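Taking it in order: structure first as structure tokens, then the write-up.
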Amino acid sequence: ETAEPSPQLVKVIKKIKGVSKVEAKDKVLRITTDTDLRAEISKAVVQSGVALIQVKIQEFSLDDIYMKYFHEG
Numbered sequence: 902e903t904a905e906p907s908p909q910l911v912k913v914i915k916k917i918k919g920v921s922k923v924e925a926k927d928k929v930l931r932i933t934t935d936t937d938l939r940a941e942i943s944k945a946v947v948q949s950g951v952a953l954i955q956v957k958i959q960e961f962s963l964d965d966i967y968m969k970y971f972h973e974g
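Okay, here's the thing in structure tokens:
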């Protein structure tokens, strides 16, 4: 979460190696990566001049993945 929405920040984050997807809704960015890139992403946010409010990581279990692909489809 950032202090303010920033379409430019989305572009900056998309350029970070390992980032596969960036979704923005108001001040919240949902970023999909293959590895833990919190340090790199946090650095990019701060360097862009946008205040960083918080960073959360969400990992999925095998059960979560199974439910998504076999029960929601």
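The sequence shown begins at 902 in the working numbering and counts up by one. Glycine included, every Cβ here is placed at the ideal spot set by N, Cα and C. Keep in mind it's a predicted model, so treat the numbers as computed, not measured.
Cβ-Cβ separation, residue j to residue i (assumed contact under 8 Å), whole Å
{"i": "residue 917", "j": "residue 938", "result": "6 Å"}
{"i": "residue 924", "j": "residue 931", "result": "4 Å"}
{"i": "residue 913", "j": "residue 945", "result": "5 Å"}
Test item: CB-CB of residue i and residue j under 7 Å
{"i": "residue 928", "j": "residue 906", "result": "yes"}
{"i": "residue 921", "j": "residue 936", "result": "no"}
Local conformation of residue i per DSSP, three classes
{"i": "residue 912", "result": "helix"}
{"i": "residue 1004", "result": "Residue 1004 cannot be examined here, being either before or after the span of the chain that is shown, 902 to 974."}
Extent of the continuous alpha helix (DSSP H) to which residue i belongs
{"i": "residue 943", "result": "939-948"}
Close-in-space but distant-in-sequence residues of the same chain around residue i (CB under 8 Å, 5 per side omitted)
{"i": "residue 947", "result": "953"}
First through last residue of the beta strand (DSSP E) which encompasses residue i
{"i": "residue 930", "result": "929-934"}
Cβ neighbours of residue i in the same chain (closer than 7 Å, five flanking residues each side left out)
{"i": "residue 902", "result": "928, 929, 954, 955"}
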